[in-house]
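Undergrad:
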């Protein structure tokens, strides 16, 4: 019992405050995967020891209250185990201050998704909640300020790849780089950092831009399409929990760029010869241009990405 508990509490690297650093340098909140395994082990141990229930009752008078209080817990565990072979992941894309109204690269209506994203994140339906985070240096090549005569939303060529030029945003250590102050991050297992290399942008949470560049271009710029480690991490967690498939629900900002690129890249990956299933929660994403929202969702459907509504995951009472 003690050994199981100790293993569930081990951090995965040196700690800075309450945040751990993995060997790769990604910021990481302590994973709940080991704790989930530990709780499952406890449940199995309890159910296998029939004397435990009798010991907990103390005397005949307390039998009914104990049985009544245990029943809801049993129902909750049953709900969690509906698909025990699937690693269910909630992936939250770039929920950072600069992408919300008032930030340097605001997405209209961004504030509207914070509360529903929190509600979904607190659901017991997910084995893991994972965040991605833009983390740019001040001189990042995707910034219009780094290109003479260019303005935001112009295009340029960056390391052989066509690049939309953006306002300076999510510069490391600035207020706009922080996560939204009302975003609940207590359940986050891992943060995947992207956009640190000034030579290439990184829309996808899976890899840097340029993955589809020509071979000659990749030989010239060998950092194009570099992995963030997200897919490798999900596969490691699925292995550790004895899962046979992976399903990822995606929320966040902004649709058409980081949300869409991440969804498409993830859907192209496989685990144990099965495609990783990807769903975008349409109520919990917003586009840079609000008029594009429905069209961008339709574009995702056209390439095989499933769309679902938040009401298909949570009852209305937990959403509002």
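In the numbering used here, the protein residues as written are 161 to 480. Built from N, CA and C at the ideal position, the CB exists for glycine as well.
Between which two residues does the alpha helix (DSSP H) carrying residue 390 extend?
TA: Residues 390-400.
Undergrad: Using 10 angstroms around the beta-carbon of residue 370, count the other beta-carbons present and answer buried if the total reaches 16, otherwise exposed.
TA: Answer is buried; the Cβ neighbour count reaches 16.
Undergrad: In three-state DSSP terms, what is residue 472?
TA: DSSP places residue 472 in helix when its eight states are reduced to three.
Undergrad: Got a sec? Which residues, its chain only, sit under 7 Å from residue 552 by beta carbon, not counting five neighbours each side?
TA: As shown, the chain starts at 161 and ends at 480. That puts residue 552 outside it, with no answer to give.
Undergrad: Compute the distance between the beta-carbons of residue 383 and residue 365, then report whether it is under 8 Å.
TA: Not closer than 8 Å, so no.
Undergrad: Taking 8 Å as the threshold (C-beta atoms), are residue 413 and residue 253 in contact?
TA: Yes. Within cutoff.
Undergrad: Drop a sphere of 10 angstroms on the beta-carbon of residue 461, count the other beta-carbons inside from all chains shown, and report buried for 16 or more, exposed for fewer.
TA: It counts as exposed.
Undergrad: Decide if residue 266 is buried, meaning its Cβ has at least 16 other Cβ atoms within 10 Å, or exposed.
TA: Result: buried.
Undergrad: Below 8 Å, can you find three or more Cβ-Cβ pairs linking the segment 435-443 to the segment 395-408?
TA: Verdict: yes, contact present.
Undergrad: Tell me which residue opens and which closes the beta strand (DSSP E) that residue 317 is part of.
TA: Here the beta strand (DSSP E) through residue 317 covers 315-318.
Undergrad: Output the distance between the C-alpha atoms of residue 357 and residue 368, rounded to the nearest integer angstrom.
TA: Using only the alpha carbons, I get a separation of about 9 Å.
Undergrad: So which of 362, 317 and 273 has the shortest CA-CA distance to residue 343?
TA: Answer by Cα proximity: 273.
Undergrad: Where DSSP assigns a beta bridge to residue 303, which residues make up the other side?
TA: Residue 303 pairs with 326.
Undergrad: Jot down the residue ranges of each uninterrupted beta strand (DSSP E) in the segment 357-440, minimum 3 residues, whole runs only, in chain order.
TA: The qualifying runs are 405-415.
Undergrad: Under 8 Å, do residue 301 and residue 359 count as touching if we go by C-beta distance?
TA: It is a contact, given that the beta carbons lie within the stated cut-off.
Undergrad: Of the residues 258, 284 and 251, which one's Cα is nearest the Cα of residue 475?
TA: The candidate whose alpha carbon is nearest that of residue 475 is 284.
Undergrad: Going by the C-beta, is residue 313 closer than 7 Å to any heavy atom of the ligand SAM?
TA: Among the components modelled here there is no ligand, and therefore nothing to report on the ligand SAM.
Undergrad: Tell me whether residue 332 sits in a helix, a strand or coil according to DSSP, three-state version.
TA: Residue 332: coil per DSSP, three-state reduction.
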